[in-house]
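Chemist:
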Amino acid sequence: MDSILVRGNGALEGQIAIAGAKNACLALMPATLLSEEPLTLINAPRLSDIRTMSQLLQSLGAEVTSLADGTVLAMSSHALTSHTADYDIVRKMRASILVLGPMLARDGQAVVSLPGGCAIGARPVDLHLKALDAMGAELDLRDGYVHAKAPNGLKGGSVKFDFASVGATENAVMAASLAKGTTVLENAAREPEIVDLVKCLRAMGAQIEGEGTSRIEIQGVDRLHGATHTVVTDRIELGTYMLAPAICGGEVELLGGRIGLVGAFCEKLDAAGVSVTETETGLRVARKNGRISAVDVTTEPYPGFPTDLQAQMMALLCTAEGTSVLEETIFENRFMHAPELMRMGARIDVHGGHATVTGVDRLKGAPVMATDLRASVSLILAGLAAEGETMVSRVYHLDRGYEHVVAKLRGVGADIERISET
Ligand code: EPZ
C-alpha cells in the first residue's frame, strides 16, 4: 500500500485545475442503462471509483470505453447480459446501488447486493427501496441482495423522503424517467450533482422539473435516446484545494471553480478569515490577514455546509485562533480523522456528533493513517503546514476521489511525494 510524504513548506502560489465531479459521474454513468443509444460523458474525473463503476456496468453487458486520457467515457448498453450487481463489486463502492433504478426501469428486473456499511456509517438503502416500491416495484430482500421486479414496467408514484438522501433521489429520478405516468418526489435532495444528472437525462429526452428544489416531478416517457454530457465541476475537490492556501498562506487560483458550487462553504471561510474572489477562470483564495479565526460548523444537506468538506475544514481549524465546534449531522461516524490529527498535536474533543477543536499555533508532522476518502485528504492538508514530516499511509482511499493529488499540490509549491511500497 502506498503512502504520501508531506513536509511543511510555507506559502503556496499558483493554480490548481479542478476535475469533473466524482459524485456526479457515479450517478451519470448508470444512466447509460436507461437507453440503447450511446451516452458520452466529457470532463470525467480519473479516479478508481470511476473505474469500479465502469467494471460494474461492463459486468451487466454495457460497453464503457475510456478516451482522452480517461476524461471521456463513451458508453452504450444495447442489451444487458446480466441483471446482477455482485457483492464483491458493490462492497467496494456504495454508489453501485445506483444501477438498481435504471436496470429495473430498463428491463423490469435487477438483483443488486446490499452495499453494507462503510467506515463512516451504516449507509442503509431503505429510502431507495421506498421510492421504487412507490413506483410499483416488487422488492424482496434475501441473501444480502435486493431482488427487484417490475414485469409490467414501473408506474408513476409519489414518495416523501424521510431524509433528503442524495442516492435515493438519484435512483428514483432515473427509475421514474421510464415509468408509466408521473412521479413526485418530496423532500428530494438538492445537490448540484442531482441538477447535473437531470440535465443529462433531459438531454436524453426525459421530462423532469424541479431539480435543485426539494420537490421533483418526473413525467415518464417510453424511451430515452443517447446524449453527450459534460460533467459538472467537483465542488468537493474544489473546496478541498481552497483550504490549501487557507492553511499554508499564499494565494492559489482554483481553475473551474465557481462560488455557486460552494456557497455555504465560502461563508464559513470568510468568517474564518479567508478571502475568496471569483475570477474569469475560477476562484482565487488567500488569507485576509495572518491568522485564521475559529468558526462553528454544522454539516447539512445542500445548500448547507457539505459533510464531504467537514474533515478538511477541521484540518484548518486545528490551528485557528480560538475554539471551534463541528457538528456532523449526516453520518454517524465521520470523525475518524480526529485521532490522527491529534497525533499531530491537534487538540480535539469528540463527543457523539460533535467535535470541539481548540486551536494550537502549529501542528507537528507525524506518521498517520487514512481511514476514508475525505479523512485522508484532511491529513494531507494538515501536513502541508505542519512542522516536519507527515507520512500518510493507506492512500488508496485518496485515489478514490482525488486525481493526481501530489502533482496538483506540487504545482503550487508543496513539498509532497508518493512513496510506493515495493
Ligand atoms: C452521497 O452519498 C455521496 N456519495 C457522499 O459522498 C455524500 O457524503 C452524501 O451523498 C451526502 O452528501 C455519492 O454521491 C457517490 P445519502 P449517499 O443517501 O447518496 C442516510 C464522498 O466522500 N440514508 O444522502 O449515500 C445515510 O445513512 C461520499 O464522496 C438512509 O438512512 O448519501 C446517511 O446517514 C461519502 N437511508 C444519510 O442518509 C437511505 O436509503 C446521507 O445519505 C439512504 C441514506
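According to our numbering, the sequence shown holds residues 2 to 423 in order.
Think of the CB as a built atom: it goes at the ideal place given N, C-alpha and C, for glycine as much as any other residue.
Predicted model only: the values in this text are computed from it and were never measured.
#1: Decide if the stretch 3-11 is in contact with the stretch 48-62; the criterion is three or more beta carbon pairs, one per stretch, under 8 Å apart.
#2: Should Met-315 be labelled buried (16 or more other beta-carbon atoms within 10 Å of its own) or exposed?
#3: Based on Cα-Cα distance, which residue from Ala-287, Gly-240, Asp-235 and Phe-266 lies nearest to Ala-247?
#4: Is the separation between the beta-carbon of Ala-310 and that of Gly-240 shorter than 8 Å?
#5: With a threshold of 8 Å, are at least 3 pairs of Cβ atoms found where one atom belongs to the stretch 97-110 and the other to the stretch 64-73?
#6: Note down the Cα distance separating Thr-184 from Gly-211, rounded to an integer number of angstroms.
#7: Give the range of the beta strand (DSSP E) segment to which Tyr-146 is assigned.
#8: For the pair the stretch 187-195 and the stretch 129-136, tell me if three or more CB-CB distances fall below 8 Å.
#9: Taking 8 Å as the cut-off, does the stretch 86-94 touch the stretch 123-131 (at least 3 CB pairs, one atom from each stretch)?
#10: Output needed for Thr-299: all residues of its chain with C-beta closer than 6 Å, excluding positions within five of it in sequence on either side, in chain order.
#11: Does the beta carbon of Arg-216 fall short of 7 Å from some heavy atom of the ligand EPZ?
#12: Can you give, in chain order, each stretch of the beta strand (DSSP E) that sits fully within the stretch 87-165 and has at least 3 residues?
#13: Under 7 Å from any heavy atom of the ligand EPZ, does the C-beta of Arg-124 make it?
#14: Taking only heavy atoms of the ligand EPZ into account, decide whether any of them is closer than 7 Å to the Cβ of Gly-168.
#15: For the beta strand (DSSP E) containing Ala-69, list its first residue and its last residue.
#16: So, using beta-carbon positions, are Leu-155 and Leu-179 closer together than 8 Å?
#17: Is there contact here, the stretch 268-287 with the stretch 329-341, by at least three beta-carbon pairs under 8 Å?
#18: Identify the residues that DSSP records as bridge partners of Met-2: which are they?
#19: Taking C-alpha atoms, which residue in Lys-23, Asp-50 and Ala-367 lies nearest to Asn-44?
#20: Taking the alpha carbon of Val-275 as the reference point, which residue from Glu-281, Gly-251 and Gly-258 has its own alpha carbon closest?
#21: Pull the bridge partners of Glu-281 from the DSSP assignment, please.
#22: Assign Glu-333 to one of three DSSP states: helix, strand, or coil.
#23: Kindly list the residues whose CB is nearer than 8 Å to the CB of His-1, restricted to its own chain and excluding five residues on each side of it in sequence; keep chain order.
#24: Report the residue from His-352, Val-358, Val-351 and Ala-386 whose alpha carbon sits nearest the alpha carbon of Lys-365.
#25: Measure the CB-CB distance between Gln-208 and Val-222 and report whether it falls below 8 Å.
#26: Return the chain-ordered list of same chain residues with a C-beta closer than 8 Å to the C-beta of Leu-202, the five sequence neighbours on each side being excluded.
#27: To the nearest angstrom, how far is the alpha carbon of Arg-191 from that of Gly-182?
#28: So what does DSSP say about Lys-289, is it helix, strand or coil?
#29: Please list the terminal residues of the continuous beta strand (DSSP E) segment that includes Pro-368.
#30: Any chance you could list the beta strand (DSSP E) runs of at least 3 consecutive residues sitting entirely within the stretch 381-412, in chain order?
#31: Compute the Euclidean distance between the alpha carbons of Ser-215 and Ile-381, then round it to the nearest angstrom.
#32: Cα-Cα, which of Gly-15, Ala-20, Leu-6 and Met-2 is closest to Gly-258?
#33: Any idea which residues DSSP pairs Ile-417 with across the strands?
#34: Per DSSP, what kind of secondary structure is Thr-82 in: helix, strand or coil?
#35: Leaving aside the five residues before and after Ala-415 along the sequence, list all residues of the same chain whose C-beta is less than 8 Å from its C-beta, in chain order.
#36: Mind checking whether Gln-313 and Ser-379 have CB atoms under 8 Å apart?
Modeler: Taking the definition as stated:
#1: Touching, no.
#2: Position 314 of the sequence shown, counted from the start, is the residue given in the question as residue 315. It counts as buried.
#3: Indexing the sequence shown from 1 puts residue 247 at position 246. Cα-wise, what sits closest to Ala-247 is Ala-287.
#4: Within the sequence shown, numbered from 1, the residue matching residue 310 stands at position 309. Within the sequence shown, numbered from 1, the residue matching residue 240 stands at position 239. Note on residue identity: the sequence assigns Leu, not Ala, to residue 310. The beta carbons of Leu-310 and Gly-240 sit closer together than 8 Å.
#5: Too few Cβ pairs lie closer than 8 Å, so no.
#6: Locating residue 184 in the sequence shown gives position 183, where the first residue counts as 1. Locating residue 211 in the sequence shown gives position 210, where the first residue counts as 1. Taking the Cα positions, Thr-184 is about 12 Å away from Gly-211.
#7: Locating residue 146 in the sequence shown gives position 145, counting from the first residue. Taken as a continuous stretch (DSSP letters only), the beta strand (DSSP E) holding Tyr-146 covers 146-150.
#8: Verdict: no, contact absent.
#9: Cβ pair count under 8 Å is below three, so no.
#10: What you label residue 299 is simply residue 298 of the sequence shown in a count that begins at 1. Counting only Cβ-Cβ distances below 6 Å, and skipping sequence neighbours, we find Glu-328.
#11: Position 215 of the sequence shown holds residue 216. It does not: the Cβ of Arg-216 is nowhere closer than 7 Å to a heavy atom of the ligand EPZ.
#12: The qualifying runs are 110-114, 139-143, 146-150 and 159-161.
#13: Translated into the one-based positions of the sequence shown, residue 124 becomes position 123. For the ligand EPZ, at least one heavy atom lies less than 7 Å from the Cβ of Arg-124.
#14: Residue mapping note: residue 168 aligns to position 167 of the sequence shown, counting from 1. For the ligand EPZ, a non-hydrogen atom lies closer than 7 Å to the CB of Gly-168.
#15: Within the sequence shown, the letter at position 68 stands for residue 69. Note, Ala-69: premise wrong, no beta strand (DSSP E); not H, not E.
#16: Within the sequence shown, the letter at position 154 stands for residue 155. Within the sequence shown, the letter at position 178 stands for residue 179. Yes. Within cutoff.
#17: Not touching, per the Cβ criterion.
#18: As a first step, residue 2 must be located in the sequence shown, where it is residue number 1. When DSSP reads this structure, Met-2 sits in no beta bridge, so it has no partner.
#19: Residue mapping note: residue 44 aligns to position 43 of the sequence shown, counting from 1. Closest option to Asn-44, Cα to Cα, is Lys-23.
#20: One-based indexing of the sequence shown puts residue 275 at position 274. Among Glu-281, Gly-251 and Gly-258, the Cα nearest to that of Val-275 belongs to Gly-251.
#21: In the sequence shown, the residue the question calls residue 281 occupies position 280. For Glu-281, which the question treats as bridged, DSSP gives no partner whatsoever.
#22: Position 332 of the sequence shown, counted from the start, is the residue given in the question as residue 333. DSSP places Glu-333 in coil when its eight states are reduced to three.
#23: No information on residue 1 is available, as it lies outside the stretch 2 to 423 that the chain covers here.
#24: For the purposes of this step, residue 365 is taken as residue 364 along the sequence shown, with counting starting at 1. Distance from the Cα of Lys-365 is smallest, within the candidate group His-352, Val-358, Val-351 and Ala-386, for Ala-386.
#25: If you number the sequence shown from 1, residue 208 lands on position 207. If you number the sequence shown from 1, residue 222 lands on position 221. The answer is yes: Cβ separation under 8 Å.
#26: Translated into the one-based positions of the sequence shown, residue 202 becomes position 201. Only Ala-32, Leu-35, Val-174, Met-175, Ser-178, Ile-209 and Leu-225 meet the Cβ criterion.
#27: On the sequence shown, position 190 is the one that residue 191 refers to. On the sequence shown, position 181 is the one that residue 182 refers to. The straight-line gap from Cα to Cα measures roughly 23 Å.
#28: Taking the first residue of the sequence shown as position 1, residue 289 is located at position 288. In the structure shown, the three-state DSSP call for Lys-289 is coil.
#29: Position 367 of the sequence shown, counting from 1, holds the residue named residue 368. First-last of the beta strand (DSSP E) with Pro-368: 368-370.
#30: Within the stretch 381-412, the beta strand (DSSP E) runs of at least 3 residues that lie entirely inside it are, in chain order, 390-394.
#31: In the sequence shown, counting from the first residue as 1, residue 215 sits at position 214. In the sequence shown, counting from the first residue as 1, residue 381 sits at position 380. Their backbone Cα atoms lie some 35 Å apart in a straight line.
#32: The residue given as residue 258 occupies position 257 in the sequence shown. Nearest of Gly-15, Ala-20, Leu-6 and Met-2 to Gly-258, Cα basis: Ala-20.
#33: Stepping through the sequence shown from its first residue, residue 417 is reached at position 416. Partner(s): Val-7.
#34: Translated into the one-based positions of the sequence shown, residue 82 becomes position 81. The DSSP-derived three-state label of Thr-82 is coil.
#35: For the purposes of this step, residue 415 is identified with residue 414 of the sequence shown, where counting begins at 1. So the list reads Val-7, Asn-10, Leu-13, Ala-245, Cys-249 and Leu-385, once near-sequence residues are dropped.
#36: Working through the sequence shown from its first residue, we reach residue 313 at position 312. Working through the sequence shown from its first residue, we reach residue 379 at position 378. In this structure, Ser-379 lies closer than 8 Å to Gln-313 by Cβ.
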